[in-house]
Structure formats: structure tokens, C-alpha cells
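**Student:** First, the structure itself, so that you have it in front of you.
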Amino acid sequence: MSTVNMKKLKNLTQYNFTATFIKADVTVRERKSSSLEYIYPTVLLKNVCLVDTGELIAKYYWLGYGKSLAKLGKLTSGTQLNFEARPDINVLGNKNNADIASLITWPKKFQRLDKTYQYQAIPENENQLVGYILSNKK
Numbered sequence: 011m012s013t014v015n016m017k018k019l020k021n022l023t024q025y026n027f028t029a030t031f032i033k034a035d036v037t038v039r040e041r042k043s044s045s046l047e048y049i050y051p052t053v054l055l056k057n058v059c060l061v062d063t064g065e066l067i068a069k070y071y072w073l074g075y076g077k078s079l080a081k082l083g084k085l086t087s088g089t090q091l092n093f094e095a096r097p098d099i100n101v102l103g104n105k106n107n108a109d110i111a112s113l114i115t116w117p118k119k120f121q122r123l124d125k126t127y128q129y130q131a132i133p134e135n136e137n138q139l140v141g142y143i144l145s146n147k148k
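Quick note on this note's numbering: the sequence shown kicks off at 11 and runs consecutively.
The following block contains the structure:
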């Protein structure tokens, strides 16, 4: 796999990506308006590649565990996913941003590539999803 130059991709164009699900976890964030901390569900993906060319975009990519992912049901490590997203070219000039994975914005339309799985529902509510992730964490 070769790494793609994100500057070649157009900002407003949606691209199809594939990735491998690794694990679900939680992070603690602080709200700017109230300075209160809250727990936020996240997902770790590995080997995010462009579908068209197979070029590697990011070795690892953390993203929010939203409803579109929760609708896929229980995900196990190694599950292949497909999704649409666009590159955010506006942050390329930021010297603090060395990780190219954060340049992928607004991922949506998640699909499982393995069609032979047994669907197991998980909570779609963010608070219930946090509890589900923490109860299954080893």
C-alpha cells in the first residue's frame, strides 16, 4: 500500500474508504461552554484506504462511535468496513497536525463488507453505548 498525497484530493468530493475495525473505547472530553467533563464513545480503525486506488490514507484512525456505526450491530476486531468521507484540505497547513488521519472529515454511510455475520443489536443512544463499551472492556 502506498500513501496518498491528500493535497491531490478535492475538498468537496466524497470518497469511498475501506478500513478494519480494531476496537471500541471511550475518551473523556471537556465541554468548552461549561468546563464539565463527559465520556464520549470512540472507535479505532486500522488501514484506512481509498477504495478506487487502494492507497493508504492512515494506518490508524480514531473517530466518534455514532449512530451510523451503532446501526451495524456488534463489531468484532478484524471486521472490514466501507464508508464515505471527504478530505479536509483546510487543515493541511497546520504545523501541529502531523497525523493525516485527522484530515478525513464527516465519515458516513458505514457498511460491513462481510455479509455472513450474525447481527447483534447494540444501543444507539450515546450514554447507553458508553455503558455497553465499558461493560465489554477487558
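We put the CB at the ideal spot given by N, CA and C, even for glycine.
Buried or exposed, going by whether 16 or more other CB atoms sit within 10 Å of the CB of Tyr71?
**Tutor:** Buried.
**Student:** According to DSSP, is Leu123 part of a helix, a strand, or is it coil?
**Tutor:** Reduced to three states, the DSSP call for Leu123 is coil.
**Student:** Return the residue from the list Gln128, Leu144, Phe93 and Gln24 that minimises the CA-CA distance to Phe31.
**Tutor:** Cα-wise, what sits closest to Phe31 is Phe93.
**Student:** For Gln121, collect the residues of the same chain with a Cβ closer than 8 angstroms to its Cβ; drop the 5 residues on either side in sequence, then sort them by chain order.
**Tutor:** Cβ within range, chain order: Leu82, Leu91, Asn92 and Phe93.
**Student:** Give the range of the alpha helix (DSSP H) segment to which Asn137 is assigned.
**Tutor:** Taken as a continuous stretch (DSSP letters only), the alpha helix (DSSP H) holding Asn137 covers Glu136 to Asn146.
**Student:** What number of angstroms, rounded off, separates the C-alpha of Val58 from the C-alpha of Asp35?
**Tutor:** Roughly 18 angstroms separates the two Cα atoms.
**Student:** Nearest by alpha-carbon distance to Lys77: which of Asp124, Leu123, Lys119 and Ala95 is it?
**Tutor:** The residue with the shortest Cα to Cα distance from Lys77 is Lys119.
**Student:** When you compare only the Cα positions, how much space is there between Asn26 and Leu60?
**Tutor:** Straight-line Cα distance between these residues: approximately 6 angstroms.
**Student:** DSSP three-state label for Leu85, please.
**Tutor:** Three-state result, Leu85: coil.
**Student:** Measuring CA to CA, which of Ser45, Thr28 and Gly74 is closest to Lys56?
**Tutor:** Nearest of Ser45, Thr28 and Gly74 to Lys56, Cα basis: Thr28.
**Student:** Do you know offhand how far Pro114's Cα is from Tyr75's?
**Tutor:** Note on residue identity: the sequence assigns Ile, not Pro, to residue 114. Near 15 angstroms, if we compare the C-alpha coordinates of Tyr75 and Ile114.
**Student:** Kindly list the residues whose CB is nearer than 8 angstroms to the CB of Tyr127, restricted to its own chain and excluding five residues on each side of it in sequence; keep chain order.
**Tutor:** Gly83 and Thr89, listed in sequence order.
**Student:** Find the nearest neighbour of Ala68 within the set Pro97, Pro51, Thr52 and Glu40, judged by alpha-carbon distance.
**Tutor:** Per the Cα distances, Pro97.
**Student:** Buried or exposed: where does Val53 fall if 16 or more other Cβ atoms within 10 Å of its Cβ makes it buried?
**Tutor:** Flag for Val53 reads buried.
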